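Read through the structure below, which is laid out as C-alpha cells, and then see the notes.
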Amino acid sequence: MTRPKPTISAGDVLSYSSGSTNRDPHGFRITQKGGNLLGLIKARWPGLVQGFGDRMPIVINTYPAHIGSFDFGVTVDSYLSYTTASRALHLAHEEGLPVMLLGQTLYLAHLLFQHTRDEHPMPDSILCGVGGYTTPRSLENALRDVCERHGTQMSMLHGYGVAEVDAAVLLAATRSEKGELLYERRSPEVEVEFAGTNLLLSLKAADGSYVIQRFPTGDQGRAQGDNYLVWNPERLNPQVEMLLEGWSVDDWHRRTGYLHYGQQLRFQLRKGVEAKSPVEMEFYEYARQYGHDWLFKPEWSAKVRTAGNKMMRRTLI
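Just so we're aligned, residue 147 is where the sequence shown starts under this note's numbering, counting upward by one.
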C-alpha cells in the first residue's frame, strides 16, 4: 500500500485552536515565528512603545493556544491561567522589563484588575495587543485607568484577522471621533476589497503569488480615507455596543463584560461583587444560567441563546 506524502514537516507546531471553522483532522494552523512585530510598531506607531526604550519586552500570551514565538523578546504562554500570567507580570517588574500583553480584552481586564487587586507589582510599560472581537472604547479606557493608577504606561494595538487568511492582517492604533477603530493594512501583501459593504481579504506571498484571494470574511466595512472601518451587527449588536460604551470605569471593575441580551438583560458580575441592580447577576449564578468560560467569546449579539447553540466563535487574533 502506498502511503500518502505527509503535508506536515518535522519541527512544525500545529494549533487546532486557530479559530477555523474546519473541524476535520487538517483543520489546524501551523504556528510561525511572530516576525518583527516590535519593529513594525516602532516604525509605524512609535508612541505605542515609547516607554519600552531599548529594552526587550516580555511577551505574555494569554490566548488559550500557542501563537508562535517572538525573537525580539521573551515569550510566556499562560493558557488562560491567571496565576501564570500574573507571575509573568511580576517577573517583568522584577527584571525591569516592559510587557507586550496579547489576548482578548475581557480576559485582559480580568487579569489586570485581579493582579492589581491582589497588590502584585506591575511593570512600568505595557502594550496590549488585542483581538478576537471589537474592544469597546469604555473598556480600553478602564484598562488604561487601572494601569496608570499603578504607575504603568499602557497603550493598545487592535488586530483584525480571520483564521483562513492570517492573524492581525489589519491593525488599528487610533479611533475616530465616534470611537470607531481605524484599521490599516499590516503590510502591502494584504489586500482589502469590498463587495458592497462585504469585507473581502486577500493575502500574497513574498513572491507575489496569492496565498488566498478575496476571502469573504462575513464582516462588513468601508474605506475611510487611508483606513478601514469593520463591523458586524451579528457579532456586536448596535444596542449592545451602546450599552457597553455607557459603562464607567467602576462598571468594568464590577462586571466581566459577559452579558445576556435576549428576552431579559443580564450582566455577569466579577467574583465576590454584589449586585446593585436587577440586571446584574452574581458570577456563578450567571454561569449556571447562561454559561461562562474564558475560552468563549462574549455573546454581544441580540440572539436569544438556547442550550444547544453554544459554539466557540471564530478567533480573530
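Every residue, glycine too, gets a C-beta built ideally from N, C-alpha and C.
Remember, it's a predicted structure, so these values are computed and weren't measured experimentally.
- Check the Cα spacing between Glu323 and each of Lys350, Arg283 and Leu345: the tightest is with Arg283.
- The stretch 403-416 and the stretch 344-351 do not touch, with fewer than 3 CB-CB distances between them shorter than 8 Å.
- Annotated three-state conformation of Asp365 is strand, per DSSP.
- The alpha carbon of Arg331 has as its nearest neighbour, out of Thr343, Ala318, Pro203 and Leu254, the alpha carbon of Ala318.
- For Thr320, the uninterrupted beta strand (DSSP E) segment begins and ends at Asp312 to Arg321.
- Checking the DSSP bridge columns, you'll see Met246 partnered with Val205 and Leu273.
- For Gln410, there is no enclosing beta strand (DSSP E), since its DSSP letter is neither H nor E.
- Secondary structure note for Val386: its alpha helix (DSSP H) is the uninterrupted segment Pro384 to Glu391.
- In this chain, the alpha helix (DSSP H) harbouring Phe259 covers Thr251 to Arg263.
- Judged by beta-carbon spacing, Tyr374 lies within the 8 Å limit of Tyr329, meaning their Cβ atoms are closer than that value.
- Look at the stretch 409-446 and you find these whole runs of beta strand (DSSP E), each 3 residues long or longer: 411-415.
- In the three-state reduction of the DSSP assignment, Lys151 falls in the coil class, being assigned neither a helical nor a strand state.
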